[in-house]
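In the numbering used here, the protein residues as written are 7 to 218.
Let me begin by presenting the structure, written as structure tokens, before commenting on it.
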Amino acid sequence: MAAQLAGASFRYINETLYTRPSEEAVELFRDEPRLYEAYHEGFRLQAARWPQRPVQLIAEWLKATQPRTSVVADLGCGDAELATSVPQRVHSFDLVASNERVTACDIAHVPLGAQTVHVAVFCLALMGSNFVDFLGEAHRLLKPHGILKIAEVSSRITDAEGWDRLLHALGFDEVARDSSNTHFVLFDYVKSDRPSASLPAVALKPCVYKKR
């Protein structure tokens, strides 16, 4: 019964996070902080079934390719696992500060100055209906030619061409894409010198888990 209740809570919170703007998610967790832990417990159970976890691959990439002096923004960090896995300085942000490493905020409004990080990471974190605002905030945070690293559930990207147009319009150039995993895609983008253009209307399919 406890597992069923936990699963029901996860599905409800998950659907809320994917289908509503981030400011509503901030209010939800402010009013009911226990829901945040319920969500992440449900997520951990889901991710445990995957053959690989994207946060581990991103940590390996950072250690292998980025200088130790690089500054990283982990946007939608969960419990800040990335910060404890790499030698770089990582600023960890999420809706709730689950531990002392995490700064609570709306990812559309991150409390860091412009052009202050070398790498911005979204690891399964483009969840609000206003996810385009998150990407715009990452562009603001990144230094010139900084790297945007995205891990996203494969099934969410139903309009690949529209996705590509959106990132290009936001001022990012794709330099790598890894679709070899069965559950998620990894993208690498570089912040370009090109000014942002008018944005195409693009939606990411919400991850709505069905009751089993």
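Backbone N, C-alpha and C define an ideal beta-carbon position, used for all residues, glycine too.
In this text the structure is predicted, and so the values were computed from the model without any measurement.
Problem - CB of Asp-80 within 8 Å of CB of Leu-88, strictly - result: yes
Practice task
Return the CA-CA distance between Arg-26 and Ser-135, expressed in angstroms with no decimal places.
Solution key: As the crow flies, the alpha-carbon of Arg-26 is around 5 Å from that of Ser-135.
Handout entry: Which listed residue (His-115, Arg-74, Leu-132) has its alpha carbon closest to that of Gly-84
Key = Leu-132
Exercise for the section: Figure out for me which residue from Leu-148, Gln-121, Glu-143, Asn-187 has the closest Cα to the Cα of Asp-112. Expected result: For Asp-112, the nearest C-alpha among the options comes from Glu-143.
Practice task
Quick one: using the 10 Å Cβ neighbour count with 16 as the cut-off for buried, is His-115 buried or exposed?
Solution key: His-115 should be labelled exposed.
Practice task
Locate the beta strand (DSSP E) running through Pro-150, then write down its first and last residues.
Solution key: 148 to 159
Practice task
State whether the region 185 to 196 contacts the region 92 to 109, with contact taken as three or more CB pairs (one from each stretch) at a distance under 8 Å.
Solution key: no
Exercise for the section: Please confirm if the region 150 to 167 is in contact with the region 36 to 44, defined as three or more CB-CB distances below 8 Å between the two stretches. Expected result: no
Practice task
Out of Leu-147, Leu-130, Ala-126, point me to the one whose CA is closest to Ala-120's CA.
Solution key: Leu-147
Handout entry: For Arg-171, the first and last residue of its enclosing beta strand (DSSP E)
Key = Not the beta strand (DSSP E): Arg-171 falls in the alpha helix (DSSP H), residues 166 to 176.
Handout entry: Limits of the beta strand (DSSP E) - the one that His-97 falls within
Key = 95 to 100
Problem - Nonlocal neighbours in the same chain, by C-beta distance under 8 Å from Pro-57, ignoring five residues either side - result: Excluding five sequence positions before and after Pro-57, the CB atoms of its chain that fall closer than 8 Å to its own CB belong to Asn-187, Thr-188, His-189, given in chain order.
Practice task
Identify, in the order they occur along the chain, each residue of the same chain with its Cβ nearer than 6 Å to the Cβ of Asp-184, setting aside the five sequence neighbours on each side.
Solution key: Leu-192
Practice task
Go ahead and pull the three-state DSSP assignment for Leu-118.
Solution key: coil
Practice task
Could you work out which residue in Pro-93, Pro-60, Gly-82 is closest to Thr-75 when comparing CA atoms only?
Solution key: Pro-93
Handout entry: Boundaries (first-last residue) of the alpha helix (DSSP H) holding Thr-71
Key = Following the DSSP letters along the chain, one finds Thr-71 inside the alpha helix (DSSP H) bounded by residues 60 to 71.
Problem - For Leu-81, the residue or residues it bridges with in DSSP - result: Phe-99
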